[in-house]
Amino acid sequence: MDRVVPTLIVAAVIVGVFALMWRGWSARQRAQAGIAEPLRPAPEATNGMAGEPGMYVVTTYAEQPLERVSVHSLGLRTTAELFAMDDGALFRLSGVPDLFIPAADIVSVHTAAGMIGKFVEPEGLIVIRWRLGDQLLDTGFRPRSAAAGPALIAALNHLIEED
91 MDRVVPTLIV AAVIVGVFAL MWRGWSARQR AQAGIAEPLR PAPEATNGMA GEPGMYVVTT
151 YAEQPLERVS VHSLGLRTTA ELFAMDDGAL FRLSGVPDLF IPAADIVSVH TAAGMIGKFV
211 EPEGLIVIRW RLGDQLLDTG FRPRSAAAGP ALIAALNHLI EED
């Protein structure tokens, strides 16, 4: 009986913390409601193509690697495959809708040591800077194999040069 009250207090604190986290996430989504919906590719867009497996890290505002974009599932980290296609970059994402970035919207491709939620060795993340409506965004990807990074960056930069 003497453990019931402390247990209830701890349980109430845990529920309170989760309620505050949910409230913060909801407020962030309301504040970002004006961000346009990104393009979603057709399921057959990559038939027969091999993508680079890795981790979709997050999408943030450009030059603000700690300011997560939470709307349209852009702020959720998940496993992914990245395809550098003729017309843009395609992320096949696990558990959330896929993301397509048209080549015309890609501004630059660079590397970084981290973004919110993932920090690795220098140049360990591939960051695609792109336009979504009137917003300039950075999307991070961590290839499973570090050796695949330079070829993937070259393929993505080729999209910018063609445009």
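Per my numbering, the sequence shown starts with residue 91, numbered consecutively.
Just so you know, even glycine gets a beta-carbon here, dropped at the ideal spot from N, CA and C.
Asked                                                                                                      : Found
Buried versus exposed, by CB contacts within 10 Å (16 or more), Pro-128                                    : buried
Residue range of the alpha helix (DSSP H) that includes Arg-113                                            : 94-121
Assigned exposure category for Phe-209 - 16 Cβ within 10 Å defines buried                                  : exposed
Whole-angstrom distance between Glu-211 and Arg-234, CA atom to CA atom                                    : 13 angstroms
Environment of Gly-223 [buried if 16+ CB atoms lie within 10 Å]                                            : exposed
For Val-199, the three-state DSSP class (helix, strand or coil)                                            : strand
Classification of Val-159 by the beta-carbon crowding that lies within 10 angstroms, buried from 16 upward : buried
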